[in-house]
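K.L.:
Sharing a structure, written as structure tokens. Questions coming.
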Amino acid sequence: MIRILLVIFSLLCAGKIHAQDHPWQDTGLPNEARVQALLDAMTVEEKMGQLVMNAPGIERLGILPYDWWNEALHGVARSGRATVFPQTIGLAATFDDELLFQVATAISDEARAKFNIAQAMGNYGRYAGLTFWSPNVNIFRDPRWGRGMETYGEDPYLQAEMGKAFVRGMQGEDPSQLKASACAKHYAVHSGPEALRHEFDVVVSKKDLYETYLPAFEALIREGVDCVMCAYNRVDGEPACGSDFLLQEILRDEWGFKGHVVSDCGAVADFHEHHKISENAVASAAWALKAGTDLNCGENYLVLPQALEQGLITEDDIDTALRRLLNTKLRLGFFDPGTAWDGLGGELVEAGAHVALAREAAQKSIVLLKNSNNTLPLKSDMRSLYVVGPHAASVDVLFGNYNGLSSDTVTILEGIVGKVSPGTTVDYRYGQLPFHENINTLDWVTGGAKTAEATIVVLGSSGLLEGEEGASLASPTRGDRIDLNLPEPQLGFLRRIREGHDRPLIVVLTGGSPITMPEIEELADAIVFAWLPGQQGGNAVADVLFGDVSPSGRLPITFPVSADQLPPYEDYSMQGRTYKYMTETPLYPFGFGLSYAAFEYGDATLAANELKAGDPLDLNIKVGNTSERAADEVVQVYLTIEDKDVDLPISTLIGFQRVSLQSGETRDVSFTFQPEQLQAIDDKGKRRYIPGTHTLHVGGVSPGKRGEELNGSVLKTVTFDIR
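If you read the sequence shown in this note's numbering, its first letter stands for residue 29, the second for the next number, and so on.
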């Protein structure tokens, strides 16, 4: 009874139980007619007030105040208690779009539940709404970018597939209504440097634009994403939030986007304050609005009345933007008597099933980079275990950024302690400050590694060192990691731990981006990359360390030997970048990750070895688990196209499947590739077929000598002709 009353009160507060005394409340009318009725009822001043993120209520029309800003990157964020899933880059490492759909569905369940409760409380403030500015599908083109942790990695296809799954889970699969509104950001060509993002002008070729920087955005538009956020930077001289080329020619004309565009926060003010390409705030607001930026995160659209008075904009411009915003509100059910999700309540927030899903996602995200002499898995009944390092007991390394808050976090130390026998002696020491040398130089720590049966050292990066401008308090470069090495105090500590003994030394690394680690490779017997694994991260790491699950994460970004292998950070050309164009030998290649199991691939076969333009391509391959334990394999397919006239990628990911195999099990794994996946982008940015013989590479890592050497197997190849 109490819950029923709560729901009714929620609906009353939300204005959803009322007589249909306004036409926009009539669900029998088409949305276009309902929106037009709202526009007709508003004064021009009221309309302009609705184009800012914290839109005021209009009492006479039954419109409540609404703040459009909310986040849900890897769980409902910045709004108190919610299930915290692994940071996005870790979710990408699962190579499991179906799992991500389940994660996003859980997030949207919690989002609706929290919204219902907030409405009943009269909480209409920031982070209490249903318009979520997630996911981030910018390409992680350079491992130095601090916000790369928010993305699905360096590959456009992986970004697109994971991003589409997230959108489906967040928005629901009924195109006529929205469970929540998702937003593809930051459009476009945006990936650092953080310190220059408000003034930077990205110069990009048409080939790189259409081959690398736009595909994930296009894929999400085709999937029906409701919102696009335009970026801070300029693109070839035009501000992204004022670019007719990006916002009109490509987004709306070429891709047919029907949703709304929101500016990144403060991006419109950047026109005059940092880019210095408009005269003042009034000119900036008019420019952005007419270009197609419908909603302003920031305060710049507060001067729209002056722009209207000066003739820089018209009421039709205002109506065009507001029409899109009102359509989002209607699809969310804000003017309906009720929605399918009004009954969702607080019992869903951190529900047991969601916490279990967070643990599964973290398990599948963890990448085993090294395992000499089968150091792992450890035995849970060992006599003694030593755990050291600044991140072993840290909650911060679980969360990443744009995160919610959990009432049930499990640190890596807690996960380990909970896994071992009660008779095991576990000794723990913090050992070393994460980013600075210890002031007290007495060493009561490193000697413990000489007597324990095994030592686990938990090191790496965290949101203090990498992330968004302003959030990374320990970063001298506003969140970017210009030095990709492990911080020297931590590396020196690891050297001291290793010195003088040969007992097993396991390094667990946290972070949202690649760490260059040739020396760690030499010092450690096993290396586990845990990313920023969410509230169940400690349990998941322990599950892998002690063999309850076999590691199955794969790298969604190339780990270089050193930053010297990378092109200049400010250069947005893809030459020399990512597995697709990098000619240097990496330390760990894209798609790499070890397992406790062993897999065997049969020969790859095609349904046809010669195709006409427009034909799909069917591939089949047998994959077997030849070990004595069940495990997941991530089957990856890469395409190499040869052409002497166009500079094409070394290889391109065009398919992946996560396959669960029991001991001794063999399974047929099939792929169907659509015609556009078999095409290349030419120097003019046009997608076309390249006649000739092309090669597919199938296996557990991206093509290349280093990957095959580390993976212990040769990728299977098969060729086909396009005539």
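Don't be surprised by glycine CBs; every beta carbon is placed ideally from N, CA and C.
(1) Could you pull the start and end residues of the alpha helix (DSSP H) that I135 belongs to?
(2) Y152 bridges to which residues according to DSSP?
(3) So, is L702 buried or exposed, given that buried needs 16 or more other C-beta atoms within 10 angstroms?
(4) Alpha helix (DSSP H) containing D646: first to last residue?
(5) Ordered along the chain, which non-local residues of its own chain (more than five positions away) have a Cβ less than 8 Å from that of H46?
(6) Suppose only complete runs of 3+ residues qualify. What are the beta strand (DSSP E) ranges in the stretch 287-327, listed by chain order?
(7) Using three-state DSSP, classify V697 as helix, strand or coil.
(8) Relative to the C-alpha of Q338, which candidate in L323, A314 and R351 has its C-alpha closest?
(9) Is the beta carbon of P171 sitting closer than 8 Å to the one on S393?
(10) With DSSP as the reference, label H46 as helix, strand or coil.
(11) Does the CB of H722 have a neighbour CB from chain B at under 8 Å?
(12) Just the Cα atoms here: how many angstroms apart are L533 and V742?
(13) With 16 other CB atoms within 10 Å as the buried threshold, where does S691 fall?
(14) Bridge partners of Y456, per DSSP?
(15) Candidates A626, P596 and K357: which alpha carbon is nearest N59's?
(16) Report the residue ranges of all beta strand (DSSP E) runs contained in full by the stretch 660-724; include only those spanning at least 3 residues, in chain order.
(17) Just grab the DSSP bridge partners of R262 for me.
(18) Enumerate in chain order the residues of its own chain whose CB-to-CB distance from K234 is below 6 Å, with the five nearest sequence positions on each side excluded.
(19) Could you pull out every unbroken alpha helix (DSSP H) segment of at least 4 residues lying fully inside the stretch 438-507, listed in chain order?
(20) Given A335, which residues of its chain have a CB within under 7 Å of its CB, disregarding the five upstream and five downstream residues?
(21) Thinking just about the alpha-carbon of each residue, which of A83, L645 and P517 is nearest to the one in L488?
(22) Identify, in the order they occur along the chain, each residue of the same chain with its Cβ nearer than 6 Å to the Cβ of E638, setting aside the five sequence neighbours on each side.
(23) Do the stretch 147-167 and the stretch 189-209 touch if we need at least three Cβ pairs shorter than 8 Å?
(24) Please list, in chain order, all residues of the same chain as A349 whose beta carbon is under 7 Å from its beta carbon, the five residues on each side excluded.
(25) From C325 to I135, what distance separates their C-alpha atoms?
(26) Ends of the alpha helix (DSSP H) at E736?
(27) Look at the alpha carbon of L706 and the alpha carbon of G374, and state the distance between them as a whole number of angstroms.
(28) Any chance the stretch 507-522 sits against the stretch 477-493, with 3 or more Cβ pairs inside 8 Å?
(29) From this set, T700, G451 and L186, which residue's C-alpha is nearest K608's C-alpha?
(30) Does the beta-carbon distance from I585 to F168 come in below 8 Å?
(31) Go ahead and label L501 buried or exposed: buried means 16 or more other beta carbons lie within 10 angstroms of its beta carbon, across all protein chains shown.
(32) Can you give the Cα-Cα distance for D68 and D347, rounded to whole angstroms?
(33) Quick one: grab the DSSP three-state call for F160.
(34) Taking the C-alpha atoms as reference points, what is the distance between L127 and A708?
(35) Do you know how far the Cα of A65 is from the Cα of L493?
(36) Name, in chain order, the residues that DSSP records as bridge partners for K744.
P.N.:
Checking against the coordinates, here is how it stands:
(1) In the sequence shown, residue 135 corresponds to position 107, counting from 1. Looking at the DSSP string, the run of the alpha helix (DSSP H) that includes I135 is D125 to A148.
(2) Walking along the sequence shown from the start, residue 152 turns up at place 124. Assignment of beta-bridge partners to Y152 by DSSP yields no partner.
(3) Position 674 of the sequence shown, counting from 1, holds the residue named residue 702. It is worth fixing the name first, because residue 702 is Gln in this sequence and not Leu. Classification for Q702: exposed.
(4) As a first step, residue 646 is located in the sequence shown; it is residue number 618 there, counting from the start. For D646, no alpha helix (DSSP H) segment is defined; the enclosing uninterrupted segment is the beta strand (DSSP E) at L645 to N653.
(5) Looking up residue 46 in the sequence shown gives position 18. Here the model assigns H46 a pLDDT of 45, short of 50, so the residue's position is not dependable and the matter cannot be decided.
(6) List check, beta strand (DSSP E) in window: 288-291.
(7) As a first step, residue 697 is located in the sequence shown; it is residue number 669 there, counting from the start. DSSP places V697 in strand when its eight states are reduced to three.
(8) Indexing the sequence shown from 1 puts residue 338 at position 310. Minimum Cα distance to Q338 is reached at A314.
(9) Here residue 171 refers to the residue found at position 143 of the sequence shown. Here residue 393 refers to the residue found at position 365 of the sequence shown. Inclusion of P171 and S393 in the CB contact set at 8 Å is not warranted, their separation being larger than that value.
(10) For this step, residue 46 is matched to residue 18 along the sequence shown. Bear in mind that the predicted position of H46 carries a pLDDT of just 45, short of 50, making it unreliable; the figure below should be weighed with that in mind. Three-state result, H46: coil.
(11) Of the protein chains in the structure, only one exists, and it is not chain B.
(12) Here residue 533 corresponds to residue number 505 of the sequence shown, with the count starting at 1. Here residue 742 corresponds to residue number 714 of the sequence shown, with the count starting at 1. L533 and V742: Cα-Cα distance of roughly 29 Å.
(13) If you number the sequence shown from 1, residue 691 lands on position 663. Burial state of S691 is exposed, judged by a 10 Å Cβ sphere holding fewer than 16 other Cβ atoms.
(14) Numbered from its first residue, the sequence shown carries residue 456 at position 428. In DSSP, Y456 forms a bridge with V415.
(15) Along the sequence shown, read from residue 1 onward, the residue named residue 59 stands at position 31. Relative to the Cα of N59, the nearest Cα in the group A626, P596 and K357 belongs to K357.
(16) For the stretch 660-724, the continuous beta strand (DSSP E) assignments of 3+ residues that do not extend past its boundaries occur at 680-689 and 694-701, in sequence order.
(17) For the purposes of this step, residue 262 is taken as the residue at position 234 of the sequence shown. Beta-bridge partners of R262 (DSSP): D229 and P267.
(18) Along the sequence shown, read from residue 1 onward, the residue named residue 234 stands at position 206. Excluding positions up to five away in sequence, the list reads K712 and G713.
(19) As summarised for the stretch 438-507, the continuous alpha helix (DSSP H) elements at least 4 residues long and confined to that stretch are 440-447, given in chain order.
(20) As a working mapping, residue 335 is identified with position 307 in the sequence shown. Cβ neighbours of A335 beyond the five flanking positions: V310, A313, A314 and I341.
(21) Counting from one through the sequence shown, the residue named residue 488 turns up at place 460. Contrary to the premise, residue 488 reads as Gly rather than Leu in this sequence. For G488, the closest of A83, L645 and P517 by C-alpha to C-alpha distance is P517.
(22) In the sequence shown, residue 638 corresponds to position 610, counting from 1. Once the five neighbours on either side are set aside, the close Cβ partners of E638 are D749.
(23) Yes: the two stretches touch, three or more of their Cβ pairs being nearer than 8 Å.
(24) As a working note, residue 349 is residue 321 in the sequence shown. Excluding positions up to five away in sequence, the list reads L79, L317 and D322.
(25) Position 297 of the sequence shown, counted from the first residue, corresponds to residue 325. Position 107 of the sequence shown, counted from the first residue, corresponds to residue 135. The straight-line gap from Cα to Cα measures roughly 23 Å.
(26) Taking the sequence shown and counting its residues from 1, the one referred to as residue 736 is at position 708. Taken as a continuous stretch (DSSP letters only), the alpha helix (DSSP H) holding E736 covers K733 to N739.
(27) Locating residue 706 in the sequence shown gives position 678, where the first residue counts as 1. Locating residue 374 in the sequence shown gives position 346, where the first residue counts as 1. About 47 Å.
(28) The stretch 507-522 is in contact with the stretch 477-493.
(29) Here residue 608 refers to the residue found at position 580 when the sequence shown is read from its first residue. Ranking the options by Cα distance to K608, first place goes to L186.
(30) Along the sequence shown, one-based indexing puts residue 585 at 557. Along the sequence shown, one-based indexing puts residue 168 at 140. Against a cut-off of 8 Å, the Cβ pair of F168 and I585 comes out as a contact.
(31) Position 473 of the sequence shown, counting from 1, holds the residue named residue 501. L501 counts as exposed, since fewer than 16 other beta carbons sit within 10 angstroms of its beta carbon.
(32) As a position in the sequence shown, residue 68 is number 40, starting the count at 1. As a position in the sequence shown, residue 347 is number 319, starting the count at 1. A direct Cα-Cα distance of roughly 10 Å separates D68 from D347.
(33) Start at 1 with the first residue of the sequence shown, and residue 160 comes out as number 132. Correct three-state label for F160: strand.
(34) For the purposes of this step, residue 127 is taken as the residue at position 99 of the sequence shown. For the purposes of this step, residue 708 is taken as the residue at position 680 of the sequence shown. Between L127 and A708, the C-alpha separation is close to 30 Å.
(35) Start at 1 with the first residue of the sequence shown, and residue 493 comes out as number 465. Start at 1 with the first residue of the sequence shown, and residue 65 comes out as number 37. Using only the alpha carbons, I get a separation of about 50 Å.
(36) Here residue 744 is taken as the residue at index 716 of the sequence shown, counted from 1. Beta-bridge pairing links K744 to V726.
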